[in-house]
Structure formats: structure tokens, C-alpha cells
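One structure is given below, encoded as C-alpha cells.
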Amino acid sequence: LYHLIFVVKIKIIMKVSILGNGLTSLALAKMLANEGIKVDIFSDKKSHKINEIQTLGISKSNVDFFNKKILNIKKSIWEIKKIEIFCDNLKNEKILNFENNKQTLFSITRNLDLYNNLLLSLNKDKLIKFKKKISHEHLLKRNYNLIFNCDYNNYISKKLFYRKIKKNYDSYAHISTFKHKRLSNNRIAYQVFTKKGPIAFLPISSTQTSIVFSAKGGKDISLNEFIKKYNFKYEILEINKSLSFPLKSSNLRSYYHDNIIAFGDLLHKLHPLAGQGFNMTIRDIKEIYNLIIFKKEHGLDIDKSICSDFEKKTKNRNYLFSQGIDFIYEFFNLENRFNNKTLSTSVQFFGRNQIVKNFLTKFADNGLVN
81 LYHLIFVVKI KIIMKVSILG NGLTSLALAK MLANEGIKVD IFSDKKSHKI
131 NEIQTLGISK SNVDFFNKKI LNIKKSIWEI KKIEIFCDNL KNEKILNFEN
181 NKQTLFSITR NLDLYNNLLL SLNKDKLIKF KKKISHEHLL KRNYNLIFNC
231 DYNNYISKKL FYRKIKKNYD SYAHISTFKH KRLSNNRIAY QVFTKKGPIA
281 FLPISSTQTS IVFSAKGGKD ISLNEFIKKY NFKYEILEIN KSLSFPLKSS
331 NLRSYYHDNI IAFGDLLHKL HPLAGQGFNM TIRDIKEIYN LIIFKKEHGL
381 DIDKSICSDF EKKTKNRNYL FSQGIDFIYE FFNLENRFNN KTLSTSVQFF
431 GRNQIVKNFL TKFADNGLVN
């Protein structure tokens, strides 16, 4: 009898809302629904406009978690087996090289493909409901156990989650893709630290590769010229239109208010040089999952105590990780500023050490683990 009462109780109390319907919102909603939690997604529109040229790099451990606990995305990812790092100051000489016996290091997927796959799955899930955006007051009256705020610009964000540690890089990210002649083994990603900023070549198929160029200065540059200059291996057939946006980083000072948890880009935004923004978000989803499983296994209510538990487990770790990414950016930026190759030569030397390479690989894959 106690077991039956407990099961009924769990079904009644496990209901949350998510504000926003971007990639973070949909991935979080799918994980929660997979655990039997009812989710209401509030947004202005049911569909979310995502540019088809944007891509994401997802680390191996995060792909594994995504496949097991969120949605199987094996068919929509392109596995990367090797990463090479070059530097202008060493005349494009390789300074770092990462590979692990031809095993996958990370995977690339198109934002639009991932979004559509998640949306299709959620539309079939009876525990998920898409609802029109409502006021803060009406939202609180609905007595949700938890409210996940993934909307960067709503009223709640501006009123409750505005205290941040911010940094403006005075740079723009320029994103594009290009078609090239087929490479049967297009599994090697490479990045060049140029005097203008880091440019990454990220394969997404045997015939297409994506570009992320974080360039200092104004928005107007000739991206095609930089692609051609730093293209070491592709016979390019066509370069698609590009997308640009200003580069800033931020870390939220407080992760929650009462039963409202800030989530996604609202919590932390990073420089894209290491492709870790969405990876940090997946790790946060993983932490929410672990907290929910712990509560369920110990017969505890899923209530607002998760908010404080989540902040305790992730806040310092996320901040230190974001500072690590910022340090890498400033490290190479400092060298380029003084037109000196000493730092790159030092990285090249230490990069030959397998212990150092293993640490950096683990750092990129798992972040700062407990």
C-alpha cells in the first residue's frame, strides 16, 4: 500500500515548466520527460528559428549521455577522430595534435538537424506540452515544482538574473560552411591561431566542412579570404553565406531564485574557440538528471531544493572551466599582440608530453569533473 501511495505521489508532484524553446530547452525537456516528468514549454512560438549553417561540436562523453538519456543522435552526427592545432607565429606549423587510437574525440552536428530531431520527438511525447508565453504572475500560480528559465531576454531574466560577470572580447564570430571535393576520411578537425583570431575547420561530412572564425575588430571582414588562406587540405567548390555575431562571455552570479533555475546561455556564455558552450549545458543537464535520480531513489520529493543543490555542484566548476577557456584565448592573444613565438614554441614542447595531452583531452571531453 505504501508503495502504491508513493508512486501516485511521485506522479502528482513531478511537473515542471521550461521557459524558451531553443536547443537547451528541448534537450532538457526530453531528458525530463524520459524520467516520467510532465513538462510545459512556454514560448512565443512553437517553432524556433535556427540558421541552417550553424553547427555544434559535442564531446564524446556528452554524446554518450545524449544518446542514453535524451535522444539517440547517432544518425545526425559526424565523428571526429583527430584534432590539430596550428599557429601563425610558427608559420602555420603544428603545435598540438590530439588523437586516441583512431577513436572518436568529439562529434559535429548541425544545430538545425539536432533541433528538428528533438522537436519531432517531443511532439510525440504525451508528457510534453507546448504553451503560449504567460506573465510571471500567472506562471507562479500554476504551482510548478521547478521552473527552468532558458529564455535570455524574458522578464524573469531581466528582473532576477541580471547580476553577471561579463567580458566583451571586441570580436565577432563568423560562421559558414563550404562544399569541397569528397574526402573519404574527412575526420580531422583543425584550428589555426591567427593574428586576427582563431579559425576552426570542422568537418560535418565527407563533402562539407564548417568554419568558425573568431576575429578581433569589426563585423565586416572578407571571410572567404581567410578560409582560402588557412585551408590546408580542401579543394573548395562553393562557400556558403556567413553568419556573424559579437563575442561576449558571462557567468551568472546566482543560479536560482526560489524554485526558478536559470539555465543554458543565461548561466554561462563562452568564447567559441574550444566549442564548449553547449557542452557545458549538456553537463548541466546531466547534473539535473543525477539530482532527480538521487531524489527518486531515496523517496524524496523533487522540489526547489534541487535549485540549491544544482548551484552547489556546478557554479564554481562552471566558472573555473569558463576561466580556463578564457585563459587559452588570452594566452595566444598575448603572443600575437607582441608578435612573439616563444609561447607557441613552449606549447609545442609541452604538447609532446603524453600526460599533458591526456589532461587536455579529458578537460575538453568532461570539463572539470568532481
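For my numbering, count along the sequence shown from 1 and bump the result up by 80.
All C-beta atoms, glycine included, are put in the ideal place defined by N, C-alpha and C.
This one's a predicted model, so the numbers in the text were calculated from it and none came from an experiment.
| Asked | Found |
| --- | --- |
| Going by beta carbon distance, what residues of the same chain come within less than 7 angstroms of F306, once the five residues before and after it are set aside? | I279, F293 |
| State the start and end residues of the unbroken alpha helix (DSSP H) segment that holds D144. | 140-145 |
| May I ask which residues mark the beginning and end of the beta strand (DSSP E) holding F258? | 244-260 |
| Rounded to the nearest angstrom, what separates I90 and D381 at their Cα positions? | The predicted model places I90 with a pLDDT of 43, which falls under 50 and marks its position as unreliable; any figure quoted below should be read in that light. Distance between the alpha carbons of I90 and D381: 7 angstroms. |
| Please determine, among G116, Q356, A109, the residue with the shortest C-alpha to C-alpha distance to K376. | G116 |
| Considering only their Cβ atoms, is the gap separating L151 from K206 smaller than 8 angstroms? | no |
| Just verifying my parser: in three-state terms, what is the DSSP assignment at L219? | helix |
| Is it true that the CB of F146 sits closer than 8 angstroms to the CB of I362? | yes |
| For F343, which residues from the same chain have a beta carbon less than 6 angstroms from its beta carbon, with the 5 sequence-adjacent residues on both sides left out? | F228, C230 |
| Tell me which residues share the same chain as S285 and place their Cβ nearer than 8 angstroms to its Cβ, disregarding the 5 neighbours each side in the sequence. | W158, N266 |
| Throw me the rounded Cβ distance for the I236 and S330 pair, which I believe falls under 8 angstroms. | Incorrect: roughly 17 angstroms between the Cβ atoms, too far for contact. |
| DSSP state of Y235, grouped into three classes? | helix |
| By Cβ distance, which residues of its chain are closer than 6 angstroms to L226, with the 5 residues on each side in sequence left out? | V96, N339 |
| Check the DSSP bridge columns for R267 and list the partner residues they point to. | Paired residue(s): none; R267 is not in a bridge. |
| Kindly identify the DSSP beta-bridge partner or partners of F178. | I163 |
| Could you say which of I188, N180, K148 lies nearest to S156 if we only look at CA atoms? | I188 |
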